[in-house]
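Trainee:
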Amino acid sequence: MFIMKRYEQLKKLIEHHNDLYHRQDKPEISDYEFDQLFQELLALEKKHPELVTSDSPSFRVGGVVLSGFTKIPHTLPMLSLANSYSAEDLVDFNDRVKKFLKTESEIEFFCEPKFDGLALEIIYENGLLVRAITRGDGTVGEDVTHNVKTISTIPLKLKTDRPPGLLEVRGEVLIFKQDFKTLNEQQQENGENTFANPRNAAAGTIRQLDSKIAASRPLRFFAYGLGMAEGVDFKNHSDVETYLSKVGLPVAIDLVKIAKSADEVIDYYNTINEKRSSLPFDIDGVVIKVNSLKVQEDLGLVARSPRWATAAKFKPEQATTVIEDIQVQVGRTGALTPVAIMKPVRVGGVSVSHATLHNQDEIDRKDVRIGDTVVIQRAGDVIPEIVSVDLSKRKKSSVAFLIPKNCPTCQKPTQKLEEEVVSRCVNSLCPSVFKESLKHFVSRRAMNMEKIGDRLIETLVDQGLVTNYSDLYKLKKTDLLNLDRQGEKSVDNILKSVEISKKTTLARFIYAFGIRFVGEQTAKLLADHYLSLESFLKATPESLIEVPEIGPKVAGSIQAWLENKTLTKQAIEITQLGVSFEAAKRNDSGPLVGKSFLVTGTLPVKRDEAHDLIEKNGGKLLSSVSSKLNFLIVGSDPGSKAQKAESLGVPIISWDDFLKLI
Ligand code: IVH
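Numbering of the sequence shown is given in the working numbering, commencing with residue 369 and proceeding in unit increments.
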């Protein structure tokens, strides 16, 4: 009985803090504390799978893997909107509505942004999220509930004591511009494909069979309407959006407006158009809806579009230019990326001269060639992309562009795996791959050699001063002084930054080697698991699989790296050259091994000393009371932790009892 109560309590607490963090942007507890609650919930669910309900926050981390998508019909069709491309068309819309209604009076309109994402329907039954369906063809969509549950701003349970029997919420899934940038950087770092724009990234994510992938990507949602609903009644569309926001759904409330005339609608169009580039997400126009639901009903449909709504799109920020060259860059993972070099042109306020062409498939699809006149735009208002080729301007002599079969840097044959769209240089000695790997090695989140930038890496490799990672630690003042543009002071700074970087952590060091699929988080898990470089280098495939969150794909990649003796030798040599790791705190021998502790109240010794003593004897420190805690050590004036431990049945001991244990 108690367990069930605690489970309900945990679900509530976690969703409450999730809401404070993601929707209200005012967290009340630390990430660490949040994580502790989450871990407790996961542990409970693991022990008592019969407790798990569909609104459990554990769905937010993903884990459901489908073998295919189920098609589900929408109760009410998801319609499309009549499109227009200018503010003037909005005047026509207003006239059409008035004419149909045979009225001279002004109509009230609800104005909102047109989100540039994917339409989605989320169904709540008695307040619980039961299903989420993509728009599909408007009549039948695909069941993407597993992925939608991972979106942290979407409530799994509506915030209301009197939930409606049925509420089909409609809205748009998208990815914010900044998150998109970070996502593409990560994709690149992991040697995965990058996305052309936030919309594609959102589309590719919502249609993943494995919800862990969706959970790892920053999807967002904005609600803008309803499908079928039972047990709620509204007069105006504005009431609908206010209600949706009240029950916890994300609504772009700050950007909507009620307009009372065609002029006000046009003002709205112009205002939002001006704001467009400064918004955190992509919009491609505005949607204007008749506010009264009764009047909406009177107006009805034409074909598959409502007569009561229209979309006025913005003109995309585009420009025309000429492709002067297509260069193929070689990345850290050997991936070959074609980049169009264009005659510089201004788009949306900045000068653009480069645009990635992603891969051969993309080049073929758009049929982009050197010498072509192209229309470009800034995708997501950030990354320039080629939209189309003006074929009328193409010269007869033009030829299709093919990514070379050999690496443009080392000339060795490249490889293209069947399941991948990119070809890769697989020569581990390729200077380009090496330079990019070094840039990663010295980067801020890896070894953090602050004064070694990309330009210096290029020079060091070109001059033969650095031929492997360990050479970075053997740089001499005299060598560096011989380089162009290096004065005494900057050379001292370079050497100092190498010196400072030597004190690091095992996690950073593992991350620095850029093992494929090993990002920062995985590197941390590896460091926590193996504790020393020596034992990491001795990792077996069996032990790698035991590391939390590491699956066969990542383990295989780590194994391949470990088998490369040139690299592992360098890792060891680097530690001999003075790189050291913050002492691993855990001790795997001692009377307290396998036991976890938490201290509360005032003890006869300092808190730090108590912690040291616990860890020195092999014990593990936890930061909050949970069922995972083995002992709570209490001093005088203990607080709520003791009560909680008691209610969870966690043994409570005194400092003297503890000393007896060791
Ligand atoms: S209302 C009758 N509101 O535009 C259709 N749609 O062409 C009612 N969209 O597929 C849709 N932002 O994905 C509505 N604020 C908004 C929207 C919006 C984007 C999309 C939606 C739909 C398409 C309609």
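Don't be surprised by glycine CBs; every beta carbon is placed ideally from N, CA and C.
It should be emphasised that the depicted structure is a prediction, and the values quoted were computed from it without experimental measurement.
1) Going by Cα to Cα distance, which pick from Asn-552, Lys-525, Arg-700 and Ile-626 is closest to Lys-614?
2) Quick one: using the 10 Å Cβ neighbour count with 16 as the cut-off for buried, is His-605 buried or exposed?
3) How would you write the range of the alpha helix (DSSP H) that Asp-635 sits in, first residue to last?
4) Between Leu-542, Leu-535 and Gly-832, which has its C-alpha nearest Gly-599's C-alpha?
5) Identify every residue that forms a DSSP beta bridge with Asp-511.
6) Could you pull the start and end residues of the beta strand (DSSP E) that Asp-693 belongs to?
7) Taking C-beta to C-beta, are Leu-901 and Ala-939 nearer than 8 Å?
8) Quick one: using the 10 Å Cβ neighbour count with 16 as the cut-off for buried, is Ala-570 buried or exposed?
9) Ser-435: buried (16+ other C-beta within 10 angstroms of its C-beta) or exposed?
10) Using 8 Å as the Cβ pair cut-off and three pairs as the minimum, do the region 485–500 and the region 550–561 touch?
11) May I ask you to report which of helix, strand or coil DSSP gives Gln-377?
12) Measuring only from the beta carbon, is Phe-483 closer than 7 Å to any heavy atom that is part of ligand 1?
13) Pro-959 to Asn-998, Cα distance in whole Å?
14) Under a three-way DSSP split, which group does Asp-387 fall into?
15) Could you tell me if the beta carbon of Ser-613 falls within a distance shorter than 7 Å of some heavy atom in ligand 1?
16) To the nearest angstrom, report how far apart Gly-495 and Thr-513 are at their CA atoms.
17) Could you check the C-alpha separation between Ser-948 and Lys-871 for me, to the nearest Å?
18) Taking 8 Å as the threshold (C-beta atoms), are Arg-737 and Val-767 in contact?
19) Taking 7 Å as the cut-off, does the CB of Val-655 come closer than this to any heavy atom belonging to ligand 1?
20) Hey, could you find the ends of the alpha helix (DSSP H) Leu-901 is sitting in?
21) Considering Phe-477, what are the terminal residues of the beta strand (DSSP E) in which it resides?
22) Count the other CB atoms, across all protein chains shown, that sit within 10 Å of the CB of His-416; report buried if there are 16 or more and exposed otherwise.
23) Can you give me the C-alpha to C-alpha distance between Lys-953 and Lys-984, rounded to a whole angstrom?
24) Do three or more CB pairs link the region 824–834 to the region 797–814 at distances below 8 Å?
25) By how many angstroms is the C-alpha of Leu-863 removed from the C-alpha of His-384?
26) With DSSP as the reference, label Met-710 as helix, strand or coil.
27) Candidates Lys-963, Ser-584 and Cys-479: which alpha carbon is nearest Lys-625's?
28) Which runs of the alpha helix (DSSP H) spanning at least 4 residues fall entirely within the region 827–912, listed in chain order?
29) Using DSSP's beta-bridge definition, name the partner residues of Asn-774.
30) Could you tell me which residues DSSP pairs with Asp-578 in its beta bridges?
31) From the DSSP output, in three-state form, read off Lys-988 for me.
32) Going by alpha carbons, who is nearest to Asp-1005 out of Asn-659, Val-993, Leu-971 and Glu-401?
33) Assign Asp-740 to one of three DSSP states: helix, strand, or coil.
34) For Asn-932, which of helix, strand or coil comes out of DSSP?
35) If we ignore side chains and look at the alpha-carbon of each, how far apart do Lys-784 and Ser-925 end up?
Mentor: So, to answer that:
1) Here the closest residue by C-alpha is Lys-525.
2) The Cβ neighbour count for His-605, taken over all protein chains shown within 10 Å, is at least 16; the residue is labelled buried.
3) 630–643
4) Leu-535
5) Ile-501
6) 686–698
7) Yes, the Cβ-Cβ distance between Leu-901 and Ala-939 is below 8 Å.
8) buried
9) exposed
10) no
11) helix
12) yes
13) Here the C-alpha atom of Pro-959 lies approximately 14 Å from the C-alpha atom of Asn-998.
14) helix
15) Not one heavy atom of ligand 1 is found less than 7 Å from the C-beta of Ser-613.
16) 15 Å
17) 5 Å
18) yes
19) yes
20) If you look at Leu-901, you'll find it in the alpha helix (DSSP H) that goes 901–905.
21) 477–483
22) Residue burial is scored here from C-beta neighbours: His-416 has fewer than 16 other C-beta atoms within 10 angstroms and is therefore classed as exposed.
23) In this predicted model, Lys-953 has a pLDDT of only 49, less than 50, meaning its place in the structure is not dependable enough to derive any value.
24) With the cut-off at 8 Å, the region 824–834 and the region 797–814 touch.
25) For His-384 and Leu-863, the gap between their C-alpha atoms comes out near 49 Å.
26) strand
27) Cys-479
28) 845–849, 856–869, 874–880, 888–898 and 901–905
29) Pro-781
30) Asp-578 is bridged by DSSP to Val-433.
31) strand
32) Leu-971
33) In this structure, DSSP gives Asp-740 a state outside helix and strand, which the three-state scheme calls coil.
34) Looking at Asn-932 - three-state DSSP - the assignment turns out to be coil, as it is neither helix nor strand.
35) 17 Å
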